[in-house]
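Colleague: At position 520 of the sequence shown the residue is numbered 653 (the working numbering), and the sequence of numbers has no breaks. Every residue, glycine too, gets a C-beta built ideally from N, C-alpha and C. Note that this is a predicted model, so its numbers are computed, not measured.
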Amino acid sequence: MSVPRVVVIGAGVVGCAVADELTERGWTDLTLLDRGPLFETGGSTTHAPGLVSRTSPSRMMQAFADQTIAKFASLEHFDGPCLIDVGALEVALTEERLAELHRRHGFTASWCFEGRMLTAEECVADYPILDGRLLLGGHRTRGEGIAKAVRAAEAQARRAEGRGARLVGGTRVTGVSVAGGRVTAVETEHGPIPADVVVCCAGVWGPVVAGYVGMILPMLPTEHQYAITTPVAALVANRDADATLPILRHHDAGIYVRDHGDRIGIGSFNHRVIGLDPGALDEAAERGADALVRPFTPDDFAAPLELARTLMPALRGVEIERAFNGVFAFTPDGYPLIGPSPDVEGFWVAESSWVTHSVGVARACVEWIVDGAPSTAIHEADVARFEAFELRPSVWVPRAETAYREVYLVHHPADPHERPRGLRHTPFHARQVALGAVFTDRGGWEAPRWYAANEGVAGEIPPLDAWARRWWSPAVIAEQRAARERVGLFDMTTLPRLEIAGPGAAAWLERMVARRVGHRRVGTVVYTLLLDDRGHVRSDITVARLAEDRFQLGTNGPLDRAWLAWHLPGDGSVTLRDLDGSICCLGLWGPRARDVLAACTDTNVPNEAFGYFTTQELWIADVPVTALRISYAGELGWELVTSGDRGLRLWDLLWAAGQEHGIAACGRSALAALRIEKGYRAWGTDMTAEHTPEAAGLEFAVDLGKPDFIGREALLRGEEQPRRLACLRLDDRSAVPTGGEPVFAYGTAVGYVTSAAYGATVDAVLALAWVDRAQAGKGTTLAVGYFGRRLAATVVGDPVVDPDGARVRS
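(1) Please classify Phe-672: does DSSP put it in a helix, a strand, or coil?
(2) One question on the structure: do Gly-873 and Val-886 come within less than 8 Å of each other, judged by their Cβ atoms?
(3) Comparing C-alpha positions only, which one of Val-301, Asp-841, Pro-437 sits nearest to Leu-642?
(4) Output the distance between the C-alpha atoms of Arg-760 and Gln-854, rounded to the nearest integer angstrom.
(5) Name the two residues that bound the continuous beta strand (DSSP E) containing Gly-910.
(6) Tell me, please, whether the segment 323-336 touches the segment 182-189 by the rule of three or more beta-carbon pairs shorter than 8 Å.
(7) Ignoring anything shorter than 4 residues or poking outside the segment 262-337, list the alpha helix (DSSP H) runs there in chain order.
(8) Could you name each continuous alpha helix (DSSP H) segment of 4 residues or more that falls completely within the segment 144-188, going from the start of the chain to the end?
(9) In the DSSP assignment, what are the bridge partners of Arg-986?
(10) Measuring straight from C-alpha to C-alpha, what distance separates Ala-232 and Gln-908?
(11) Have a look at Val-346 and Val-311 and give me their C-alpha separation to the nearest angstrom.
(12) Is the beta carbon of Gly-850 less than 8 Å from the beta carbon of Leu-837?
(13) Can you tell me the Cα-Cα spacing of Ala-386 and Gly-400, whole angstroms?
(14) In whole angstroms, give me the CA-to-CA distance for Asn-458 and Val-139.
(15) Could you tell me which of Asp-395, Cys-333, Ile-349, Cys-334 sits nearest to Thr-362, measuring between CA atoms?
(16) List the DSSP bridge partners of Arg-683.
(17) Please report the Cβ distance between Leu-861 and Val-917, rounded to the nearest whole angstrom; I am assuming they are in contact, meaning their Cβ atoms lie under 8 Å.
(18) Where do the N-terminal and C-terminal ends of the beta strand (DSSP E) with Ser-776 fall, by residue?
(19) Quick check: the Cα distance between Leu-807 and Asp-466, rounded to an integer number of angstroms?
(20) Since Val-146 and Ser-491 should fall inside the 8 Å C-beta cutoff, what is the C-beta to C-beta distance between them, to a whole number of angstroms?
(21) Between the beta-carbon of Val-301 and the beta-carbon of Leu-165, is there less than 8 Å?
(22) Residues in the same chain with beta-carbon distance under 7 Å from Asp-935, minus the five sequence neighbours each way, listed in chain order, please.
(23) Considering only the alpha carbon of each residue, which of Leu-470, Phe-172, Ser-802, Arg-727 lies closest to Glu-741?
(24) Given that a residue counts as buried once 16 or more other Cβ atoms are within 10 Å of its Cβ, and exposed if not, what is Asn-115?
(25) Please state the DSSP three-state secondary structure of Glu-520.
(26) Alpha carbons only, please: which of Ala-680, Phe-684, Gly-621 is nearest the one belonging to Val-646?
(27) Let me check understanding here. Comparing Cα to Cα, which of Ser-888, Ala-418, Pro-724 lies closest to Gln-613?
(28) DSSP on Gln-200, reduced to helix/strand/coil?
(29) Compare the beta carbon distance of His-272 and Glu-228 with 8 Å and say whether it is the shorter of the two.
(30) For Gln-749, which beta-bridge partners are listed by DSSP?
(31) Where does Trp-529 land, buried or exposed, given buried means 16+ other C-beta within 10 angstroms?
(32) With DSSP as the reference, label Ile-397 as helix, strand or coil.
(33) Please list the segments of the alpha helix (DSSP H) lying wholly inside the segment 846-914, counting only runs of 4 or more residues, in order along the chain.
(34) Between the alpha carbons of Leu-597 and Pro-870, how many angstroms are there, rounded?
(35) Determine the closest residue to Ala-417 out of Leu-662, Trp-338, Arg-653, with distance taken between C-alpha atoms.
(36) In chain order, what are the residue ranges of uninterrupted alpha helix (DSSP H) at least 4 long that sit wholly in the segment 608-666?
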C-alpha cells in the first residue's frame, strides 16, 4: 500500500508536532505548509509566553500537557533547550483559594506527578520578590516550566524534514479540493498540492480553513494581554538568564507571571473579552499586517498591573517596557478541537490548543488517523461533541467569551452555563416551574436538578459541607426516598435517541454493538456497548427493537451519533434518524410505578405480561406511548416515550394517577445518587474510551459468542488493565467528592474518584473510583483525598442497593 499524501496546514507548534508524529510513523509523503515565514510564522506560537503546566481537573488535559513536557524536554535545538524546567507556583491570598489549591494538589496525586503544598514562608523562599504577608500558602509543582515554542516547533519540523517531509513557508492556502466526498488537494496561491489527508492546524485561522470543506469550528480569537517590565532591581543577578523563577499564578487577580532574566512578564485574563472575527484576521494577514499582535490597551491592564505590584512590591519602581495584545482562540468549553470532518473523508482538525497541550493534541490526532483511535480518551476534545445548535454563533460565542473570563475562577463541576440559557424546554417545563424546579442545562435543555416543592418533606439530612452543598438541596433526599419507597417522575427527554431503520439495520447493528440484537424478537430491549477496534468502551447504549427493521437507540449524545453515522453502509440499506426534539420521555420509577401505569392504561402491565428489558406500544388514556421496561434509577418502572406535542398531556395523566401513590417529581441530582447506589456507570465520567468492559465492570454487556462485532478480536486477546472501577463507601457523611480526587492506600496514590453522591438509601456517601486491582477487592480500606484531608473509605459490593436485581425485575 502506498504512503498517503499528507498536507498539514499550519507550521505552528501543533502543526509541527503533527508532522513529526506522522513521519515518525512512516507517513513521510508530507508537506508542512504555512502562510508565514518558517518558523516565526506570525501565529500564536510566535508570541506565546510559553507557560507549560500539568495541573488540571481534566485527566485528558493533564495527559496532553505531560506528553508535551516530555517531548519538549527531549528536543534539541541549536539555540538551546526547548523547555526550561522551573516548575510552577500558585499562590493563595484567601481561604477559598487556599482550599482550591488543596483540591488542585489532589489532582497531582490522581494524575501521578509531583506537587506540594507550601506555607507562605516557603512560597517566598521559592519566589523572593513576593510579599509573604499577603499569602496564606501556595501549591508548587516541578518537572514543568517555560517552553521555547518556536524552537520546539522548528526542532520537530526539522526531524520531519529529515524523514522526507517538505517544509513550505510563505504560502497562503486558498481552498481545499474535494471529489467523491474526500479531499484531493490543498489549493494555494502558488498552485494545488495533491493530498489524501489534510490536517488543519491553522490556529486562529482554523475556522477559515475548515470552512473550505463546510466544517464549522466554534473558535473565538480573543485578545490577551502580555507585558514585560523594565529591569527589576531585585532580579539583577538574573540579568543574563532566560528564566530562573517558577511560573507564578495569582488566580484571584487573573494574572500569571514569568521572568525574562531581570525583567518580569505579566499575562492577564483580568480584562474585558475582546473577541475578533477569524475572517477579518485572515484579511489583515493577507495585507501583510501582523494580525495576531494587536495594539496594547493600557486601560485594560491598569488593574492587573496594580494587583501584580501589590503581590510583588519590587515591581513598584518599574514601568512597562514592551506590551501587546496577543490573540489566542477559545472554544465554548475551553477544550481543543480534534477529529475528522463528518462530511469530507480525509480532512482532520487539531485546533484551539495552547503550547501547553500541543504535543498531546497532535499525537491524539495522529493516533486517530493512523491507528483508528487515540490512546488518550479525548471525548472532551472531540470536534463532534457539539449539537448542531451549539455551532450557531449566538450560542458558542457567548460561551467562548465566558470560557475566557473564567480561566482562573474556582469551578465546581456542577456549575451550569450562565449564557445563553433557555435554549430548549421539554414539554413539561411549565409543570416543573410550578413545582419550583431548579434547572441546569444539559445538551441545551433546561433540566431540573431538584424541585423546591420537595424540600419540606426531606426528613433528616446529612451534614454536608459547603462544597457539597454548592449545587444541592434537601429536596434531593426527598426525591431519592420517593423513588425508592413510592414512585418518582423523572424528565428523561435529555437522553438523546436515534432511530435505526432499513432492511440492513439488524445485520449492521450486530456489527456495531457488543451484544446480540439482530436475532432478538420485536419488543426486546438490550443494554450494550459501542466499542472501538481496541475493545475499549466508546459508549453504553440501549437498543430497543420496535419492528423487524426498526430500532430505537438510547445514546449519550453527539459523539455516538457521529460514530454510528461514520459507519453507515453506503448502499442506503440502513438509515439513521435523530429523534432529538421530536419526542419526549418520562421515567416512571419506584415500587408503585406499576400501580400508577395500570391506572391509566388498558394494557396489562404485570411482570409476566410486561417483563424487564422489553418494550411495547401502548396508550395512556389518549396518548400513544412507546413504553420501555428499563430503569436508570434501579427501581421497577418504565421509560415512557411519546411525541413532543403529547408530552404535557402524558405528564398530567401520570401525575393525576400517581397522587394516591405518593408520586413526586424528581430531578437529576436524585437520579445521580440512585444510579451510583445501583452501580450504574455514566459514560464519559466513570468509564471512557481508555477502558475495557471488564475493567469497568461491564462484562455482562458483551457477548463474545457473537461471530463479529467491532472490538471483538481485541477482547479475545484479553487485555488486562491495571485498574478496575470500584465502589467506595466513605465514613464521613459531610464530604462529597466531585471527581478527580486521589485515592490512597497506605499513603500511596492508587487511583482517583470519577463520581460520587450522598445515597439516602444507605445513609452514606458513595464514590465510584478507578483503583489498582490489588486494592479493588471488597473490604479493602482506602482513603480519598479531599481539600487536603484524607477521608476513610472502604471498598463495598457493587451495586450497594438491590445487588441481585430483585427490585428492578419485580
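Modeller: Based on what the coordinates show:
(1) The residue given as residue 672 occupies position 539 in the sequence shown. Before going on, a small fix: residue 672 reads as Ser here, not Phe. DSSP places Ser-672 in strand when its eight states are reduced to three.
(2) Locating residue 873 in the sequence shown gives position 740, where the first residue counts as 1. Locating residue 886 in the sequence shown gives position 753, where the first residue counts as 1. It is a contact, given that the beta carbons lie within the stated cut-off.
(3) Here residue 642 is taken as the residue at index 509 of the sequence shown, counted from 1. The shortest C-alpha separation from Leu-642 is found at Asp-841.
(4) By one-based count along the sequence shown, residue 760 stands at place 627. By one-based count along the sequence shown, residue 854 stands at place 721. Residue 760 is actually Ala in this sequence, not Arg. Computed Cα separation, rounded: 38 Å.
(5) Within the sequence shown, the letter at position 777 stands for residue 910. DSSP places Gly-910 outside any beta strand (DSSP E), giving it a letter other than H or E.
(6) No, because fewer than three Cβ pairs between the segment 323-336 and the segment 182-189 fall closer than 8 Å, the two stretches do not touch.
(7) Counting only runs of 4 or more, we get 282-295.
(8) Taken in chain order, the unbroken stretches of alpha helix (DSSP H) that lie wholly in the segment 144-188 and span 4 residues or more are 146-157, 177-180.
(9) This structure cannot settle anything about residue 986, because the visible part of the chain is limited to 134 through 943.
(10) Numbered from its first residue, the sequence shown carries residue 232 at position 99. Numbered from its first residue, the sequence shown carries residue 908 at position 775. Ala-232 and Gln-908 have their C-alpha atoms some 28 Å from each other.
(11) Within the sequence shown, the letter at position 213 stands for residue 346. Within the sequence shown, the letter at position 178 stands for residue 311. Taking the straight line from one Cα to the other gives about 8 Å.
(12) For the purposes of this step, residue 850 is taken as residue 717 along the sequence shown, with counting starting at 1. For the purposes of this step, residue 837 is taken as residue 704 along the sequence shown, with counting starting at 1. What sits at residue 850 in the sequence shown is Arg, not Gly. Contact flag unset, no.
(13) Reading the sequence shown from its first residue, position 253 is the one you call residue 386. Reading the sequence shown from its first residue, position 267 is the one you call residue 400. Ala-386 and Gly-400 have their C-alpha atoms roughly 11 Å apart.
(14) If you number the sequence shown from 1, residue 458 lands on position 325. If you number the sequence shown from 1, residue 139 lands on position 6. Distance between the alpha carbons of Asn-458 and Val-139: 34 Å.
(15) What you label residue 362 is simply residue 229 of the sequence shown in a count that begins at 1. The shortest CA-to-CA distance from Thr-362 to any of Asp-395, Cys-333, Ile-349, Cys-334 is the one to Asp-395.
(16) Sequence index remark: in the sequence shown, residue 683 carries index 550 (1-based). Paired residues: Ala-634, Ala-680.
(17) Translated into the one-based positions of the sequence shown, residue 861 becomes position 728. Translated into the one-based positions of the sequence shown, residue 917 becomes position 784. Cβ-Cβ separation between Leu-861 and Val-917: approximately 7 Å, consistent with a contact (criterion under 8 Å).
(18) For the purposes of this step, residue 776 is taken as residue 643 along the sequence shown, with counting starting at 1. 770-776 is the span of the beta strand (DSSP E), which, as asked, contains Ser-776.
(19) On the sequence shown, position 674 is the one that residue 807 refers to. On the sequence shown, position 333 is the one that residue 466 refers to. Near 28 Å, if we compare the C-alpha coordinates of Asp-466 and Leu-807.
(20) The sequence position of residue 146 within the sequence shown is 13, counting from 1. The sequence position of residue 491 within the sequence shown is 358, counting from 1. About 4 Å separates the beta carbons of Val-146 and Ser-491, which is inside the 8 Å limit, making them a contact pair.
(21) Translated into the one-based positions of the sequence shown, residue 301 becomes position 168. Translated into the one-based positions of the sequence shown, residue 165 becomes position 32. Yes, they are a contact pair.
(22) Residue numbering aside, residue 935 sits at position 802 when the sequence shown is read from its first letter. Scanning its chain for C-beta atoms nearer than 7 Å, with the 5 sequence neighbours on each side dropped, one finds around Asp-935 the residues Gly-767, Lys-811, Val-941, in chain order.
(23) Position 608 of the sequence shown, counted from the first residue, corresponds to residue 741. When only C-alpha atoms are compared, the closest one is Arg-727.
(24) In the structure displayed, the chain extends from 134 to 943; residue 115 sits before or after that span and is not available.
(25) As a working mapping, residue 520 is identified with position 387 in the sequence shown. In the structure shown, Glu-520 sits in coil (DSSP, three-state: anything other than H, G, I, E or B).
(26) As a working note, residue 646 is residue 513 in the sequence shown. With distances taken between Cα atoms, Val-646 lies closest to Phe-684.
(27) For the purposes of this step, residue 613 is identified with residue 480 of the sequence shown, where counting begins at 1. Checking every option, the nearest Cα to that of Gln-613 belongs to Pro-724.
(28) Residue 200 sits at position 67 when you count from the first residue of the sequence shown. Gln-200: helix per DSSP, three-state reduction.
(29) Taking the first residue of the sequence shown as position 1, residue 272 is located at position 139. Taking the first residue of the sequence shown as position 1, residue 228 is located at position 95. Contact: no.
(30) Position 616 of the sequence shown, counted from the first residue, corresponds to residue 749. For Gln-749, which the question treats as bridged, DSSP gives the partners Ala-760.
(31) As a first step, residue 529 must be located in the sequence shown, where it is residue number 396. With 16 or more other Cβ atoms within 10 Å, it is buried.
(32) In the sequence shown, counting from the first residue as 1, residue 397 sits at position 264. In the structure shown, Ile-397 falls within a strand segment according to DSSP collapsed to helix, strand and coil.
(33) Unbroken alpha helix (DSSP H) runs of no fewer than 4 residues, entirely contained in the segment 846-914, are not found.
(34) For the purposes of this step, residue 597 is identified with residue 464 of the sequence shown, where counting begins at 1. For the purposes of this step, residue 870 is identified with residue 737 of the sequence shown, where counting begins at 1. CA-to-CA, the gap between Leu-597 and Pro-870 works out to about 11 Å.
(35) Taking the sequence shown and counting its residues from 1, one reaches residue 417 at position 284. Distances from the CA of Ala-417 to each of Leu-662, Trp-338, Arg-653 were compared; the closest alpha carbon is that of Trp-338.
(36) Listed in chain order, the alpha helix (DSSP H) elements of length 4 or more contained wholly in the segment 608-666 are 608-618, 638-645.
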